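Written below as structure tokens is the structure these notes are about.
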Amino acid sequence: MRGAGMWVALATMVACGGAESTIERVGINEIASGDDMDFVELLNVTDAAVDVGGWQLDSDGESYTFPAGTTVPANGYLVVWWDGSAASGEHHTEASLPDAGGLVELLDAEGALMDDVSFPSASPEQGFGRVPDAAPNWQVMEQSTPGATNG
Ligand SMILES: [Ca+2]
0 MRGAGMWVAL ATMVACGGAE STIERVGINE IASGDDMDFV ELLNVTDAAV
50 DVGGWQLDSD GESYTFPAGT TVPANGYLVV WWDGSAASGE HHTEASLPDA
100 GGLVELLDAE GALMDDVSFP SASPEQGFGR VPDAAPNWQV MEQSTPGATN
150 G
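Heads up: the sequence shown at position 22 corresponds to 21 in numbering that gives the first Met the number 0, and the numbers run straight through without jumps.
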């Protein structure tokens, strides 16, 4: 099953940049890149917590690796703050996301592509997310919603 999923993800990436598919298990649900509180929000659409220890988020040459034991709760969110403040606590990185937009990739512990999203430039407080949650449709949101539904 894992192998099949990887090939679907790769095929999707080649076909349309990966941003036009739904989340089947754990994927990227929202990105904010317009100010100093950048974040990437993951969403788990299954009824069981998913262990993402060793998974990685990549953007613009920077990466964040989830510590061992990290889980995304069932039907829940996990937010990684790209706010240049690793000392602030769990799931903060020293990196920030490019204001001009870019690409974020989510890789599992084996390096298989789970999701990838090209995001546009954004203004402060705006988000760029799947609306509704997990949908293939991405749009600019006037107010970002880290750790909460995109509506
Ligand atoms: Ca959200």
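Every residue, glycine too, gets a C-beta built ideally from N, C-alpha and C. These numbers were taken from a predicted model, which means no experiment stands behind them.
C-beta contact flag for residue i and residue j at 8 Å
i: G83; j: A94; result: yes
i: D115; j: L102; result: yes
i: G128; j: E23; result: no
i: G100; j: S120; result: yes
i: F118; j: V79; result: no
i: G126; j: T144; result: yes
Same chain, Cβ closer than 6 Å to residue i, five either side skipped, listed in chain order
i: I69; result: For clarity, residue 69 is Thr in the given sequence; the question names Ile instead. Within the same chain, T69 has close Cβ partners V51 and G52.
i: G26; result: D114
i: S62; result: Q55
i: Y76; result: E40, L42 and G146
Between the CA atoms of residue j and residue i - distance to the nearest angstrom
i: V86; j: E40; result: In the sequence under discussion, the amino acid at residue 86 is Ala, which differs from the Val named in the question. Using only the alpha carbons, I get a separation of about 19 Å.
i: D57; j: W81; result: 11 Å
i: P97; j: D46; result: 33 Å
i: S20; j: P131; result: 13 Å
i: E124; j: E104; result: 22 Å
i: D34; j: V139; result: 15 Å
i: G60; j: L106; result: 14 Å
i: A108; j: G88; result: 22 Å
i: A31; j: N136; result: 16 Å
Own chain partners of residue i with C-beta closer than 8 Å, once the 5 adjacent residues on each side are dropped
i: P72; result: N43 and A48
i: A67; result: G52 and G53
i: N74; result: N43, V44, T45 and D46
i: L9; result: The pLDDT assigned to L9 is 47, lower than 50, so where the model puts this residue is not dependable; a value taken from the coordinates is nonetheless given after this. Counting only Cβ-Cβ distances below 8 Å, and skipping sequence neighbours, we find L112.
Member of the options whose CA lies at the smallest distance from the CA of residue i
i: H91; options: W54, N74, G150 and F65; result: F65
i: A134; options: S143, P123, G150 and G88; result: G150
i: S142; options: A67, S62 and M36; result: Correcting the residue type first, residue 142 is Gln in the shown sequence and not Ser. For the residues A67, S62 and M36, the minimum Cα distance to Q142 belongs to M36.
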